[in-house]
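So the structure is just underneath, and the comments pick up after that.
Residue numbers (the working numbering), protein chains in the order written: chain H, 475 to 882; chain Z, 475 to 882.
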């Protein structure tokens with residue numbers, strides 16, 4: 475992509491409404507713009523990052539045998555009345571009437587909707603296991619939307635729901651999702667922890683939060699350095715979850731995923747039954763599994779930034795390489811920079827080529843701000859020899875490489 | 475994908491609420507389920523088709539230089555008041571208040587929102603041309619949602635918006651979108667026409683509808699057989715659009731796309747100005763371009779079906795090939811069918827393998843209903859020789875082929 479044909483509206487100053495670094499940098503780097511409190515436009519650069527997260531999550535859900543569906547954003551209130559949540563859910567549940575005076579909600583989560591699919595279409599244990607997931611924009615009418623993408627009102631969530639004939643099989647499904655979540659968070663290149671979470675009224679040990687580590691996270695974790703085991707200091711209950719053997723207090727997590735064993739708390743009131751091998755008609759056993767896709771974009775920035783801007787981990791970077799021509803008026807430089815760009819593109823490397831008539835300082839500042847992992851810098855000093863400065867955004871290390879020797 | 479692990483809940487009878495064939499077949503083939511009037515769950519098979527349409531549209535938008543963004547579904551009423559549409563738009567515009575008593579709408583279209591992006595972030599002709607598009611679920615509160623995906627309340631739309639410094643440049647942008655639309659509709663494999671459309675208060679010749687031809691379409695076209703030129707009998711105005719030279723009445727189109735030259739009707743009231751090369755600050759000149767992504771799924775079925783079910787054109791098929799083992803109990807048949815399935819998968823051919831313990835009749839009926847373009851049929855008669863019946867869903871033609879000779 476040529477920068478002259480792209481749209482990255484930068485901000486020079488930190489906007490006063492942005493209190494956390496991910497919100498500041500998302501706005502400054504032209505990734506998002508606010509439309510109303512907690513509602514954002516995703517501009518091209520931000521949307522590219524979001525799609526990267528989405529693609530990794532989708533691949534791992536498919537690999538784990540979950541099937542993608544898509545449920546409506548607008549749901550009939552009647553469905554929510556079946557489980558009593560229409561009354562119980564706080565004002566975060568946006569309720570309204572349509573033109574036919576029918577009560578509706580804007581779905582913040584889809585347990586009722588997916589249980590309806592199950593109830594109307596599945597009858598026998600022979601059709602199980604079943605795991606349905608969606609990528610859907612959810613709406614939660616927060617009292618005080620804040621921290622940008624971290625706690626907005628509209629947010630993109632992957633929500634999966636498992637259906638099994640008994641608890642044992644359901645816990646196997648839970649484990650498959652847990653493993654898939656570990657792969658997701660490994661693949662997106664962030665430091666993360668799975669944390670035993672509050673199981674509230676459900677009981678048992680079957681709830682895990684997945685947290686991205688960051689200095690600015692909301693939670694403090696107790697972590698066992700000899701194993702994966704960790705708990706959230708504020709939320710865990712020693713009666714149900716053991717204290718980590720060797721304690722190590724970690725910064726703090728940003729919750730980006732949650733696995734939850736539901737049992738029959740939705741299937742029972744909604745009569746979502748299944749016939750067992752013994753001809754018993756019993757409520758299907760469920761689990762639910764969320765990933766905050768849009769929140770991961772913010773969490774990644776909280777973990778990966780420096781004083782100059784964002785430092786994307788490669789799996790989430792909107793482009794892998796930024797090509798910077800620091801002497802726009804020099805024909806040889808322009809020719810070499812264009813060659814580097816076209817070579818990288820031809821090798822399938824996503825590249826942003828800053829081909830504008832702008833100062834080197836402006837181009838460097840922008841490249842550092844938007845945080846592409848690699849910069850290929852073309853200037854008058856090295857162009858005659860066909861050499862390019864190949865710079866790592868994170869470490870700042872620079873190598874001088876021939877055009878044909880770029881490491882892709 | 476193995477059928478035993480997939481989720482296609484079929485209906486044996488035509489549901490009474492479904493009046494048009496696409497609605498009937500979408501329900502019967504387990505592609506969608508109704509949640510409320512005009513709101514549907516997309517089940518795995520339907521969603522796969524939707525994603526195929528989406529991918530073609532996205533590729534052609536990107537190729538035409540449009541940049542993908544994503545605007546919120548929930549929009550502040552204030553934005554709609556700037557253009558007067560908050561009051562003017564009928565009850566199809568869903569209006570509600572959030573918990574802070576702020577007036578909101580559920581966006582049926584995004585002219586105001588995109589014009590806000592432009593106004594807040596672009597100042598000079600140097601940053602033009604600009605074309606922003608999104609794939610977004612829209613909501614239109616229809617009085618009588620009907621015909622399934624054809625006129626639902628929630629629908630997936632691609633909407634693009636061009637911004638240019640003057641009318642001449644804007645018409646070039648219009649032409650680029652027109653050409654991109656032609657490529658989209660060619661690529662998805664349907665018969666279609668571009669039709670000069672009503673330009674209403676805008677005037678001029680700069681509105682085209684793109685219609686998929688079908689016996690069940692709502693519109694009748696007057697078509698010039700010597701050229702691409704066609705008009706809609708009911709909607710065109712002879713004062714602004716010439717009558718086709720040689721008339722040929724066509725079946726009736728289903729509108730799936732619309733290009734519209736807007737001029738400054740949004741930019742002027744919203745003060746979306748741009749500085750010209752002569753230092754004039756003038757309203758930016760806009761066009762808007764919609765494609766009904768979810769409606770195309772229905773239109774494709776209206777055009778491509780027979781008495782047995784859907785006949786997908788290859789570019790939209792959820793799977794290219796269905797492998798049918800007609801003798802489940804025969805170990806040699808099962809082995810050969812599995813080999814065919816794995817071979818096709820290994821060649822990157824999307825394949826649905828009906829590996830269930832079910833009758834041949836049931837498997838054939840389902841394959842014909844869901845309409846995959848090719849069926850690879852394995853049975854006891856030919857298995858000893860390693861031969862497979864390779865059947866074309868559309869023509870019914872069958873060839874006997876060796877396993878290694880399947881045409882992929």
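The C-beta atom is built at its ideal place from N, Cα and C for all residues, glycine as well. Note that this is a predicted model, so its numbers are computed, not measured.
Run of the beta strand (DSSP E) containing residue i, from where it starts to where it stops
i                      : result
residue 933 of chain H : With chain H running from 475 to 882 in the structure shown, residue 933 of chain H is simply not present.
residue 506 of chain Z : 506-510
residue 865 of chain Z : 861-866
residue 704 of chain H : 704-706
residue 577 of chain H : 577-580
residue 683 of chain H : 681-688
residue 570 of chain H : 568-571
Cross-chain neighbours of residue i in chain Z, by beta carbon under 7 Å
i                      : result
residue 633 of chain H : None at all; the shortest Cβ gap to chain Z is about 13 Å.
residue 628 of chain H : 546, 547, 548
residue 570 of chain H : 570
Beta carbon proximity, residue i to chain H, threshold 8 Å
i                      : result
residue 646 of chain Z : no
residue 839 of chain Z : no
residue 550 of chain Z : yes
residue 481 of chain Z : yes
residue 613 of chain Z : yes
residue 604 of chain Z : yes
residue 477 of chain Z : no
Collapsed DSSP secondary structure at residue i in the structure displayed
i                      : result
residue 800 of chain H : coil
residue 757 of chain H : strand
residue 483 of chain Z : coil
residue 521 of chain H : helix
residue 652 of chain Z : helix
residue 738 of chain Z : coil
residue 772 of chain H : helix
residue 636 of chain Z : strand
residue 785 of chain H : coil
residue 856 of chain H : helix
residue 476 of chain Z : strand
residue 849 of chain H : strand
residue 777 of chain H : helix
residue 646 of chain H : helix
residue 662 of chain Z : coil
residue 492 of chain H : coil
residue 694 of chain Z : coil
Contact list for residue i against chain H, beta-carbon separation under 7 Å
i                      : result
residue 517 of chain Z : 543
residue 565 of chain Z : 573
residue 521 of chain Z : 542, 543, 544
Test: residue i CB closer than 8 Å to a CB of chain Z
i                      : result
residue 539 of chain H : yes
residue 639 of chain H : no
Closer than 8 Å at the beta carbon, the chain H residues around residue i
i                      : result
residue 509 of chain Z : 545, 546, 549, 550, 553, 587, 590
residue 514 of chain Z : 546
Neighbouring residues, chain H, relative to residue i (Cβ below 9 Å)
i                      : result
residue 755 of chain Z : Going along chain H, no residue has its Cβ under 9 Å from residue 755 of chain Z, so there is no contact; the nearest lies around 18 Å.
Limits of the alpha helix (DSSP H) - the one that residue i falls within
i                      : result
residue 749 of chain Z : Residue 749 of chain Z -> not in any alpha helix (DSSP H); beta strand (DSSP E) instead, spanning 747-749.
residue 498 of chain Z : 495-502
residue 601 of chain Z : Residue 601 of chain Z -> no alpha helix (DSSP H), and no H or E assigned at all.
residue 842 of chain H : 834-844
residue 817 of chain Z : 805-820
residue 667 of chain Z : Residue 667 of chain Z -> not in any alpha helix (DSSP H); beta strand (DSSP E) instead, spanning 666-670.
residue 559 of chain H : 559-562
8 Å Cβ cutoff, residue i in contact with chain A
i                      : result
residue 836 of chain H : The structure shown has no chain A; the protein chains it does contain are H and Z.
Chain-ordered chain Z contacts of residue i [CB-CB under 9 Å]
i                      : result
residue 617 of chain H : 573, 574
residue 595 of chain H : 481, 483, 504, 507, 517
Checklist entry - Residue ranges of each beta strand (DSSP E) run of no fewer than 3 residues wholly in the segment 526-556 of chain H, ordered along the chain? => result Whole beta strand (DSSP E) segments, 3+ residues: 548-550.
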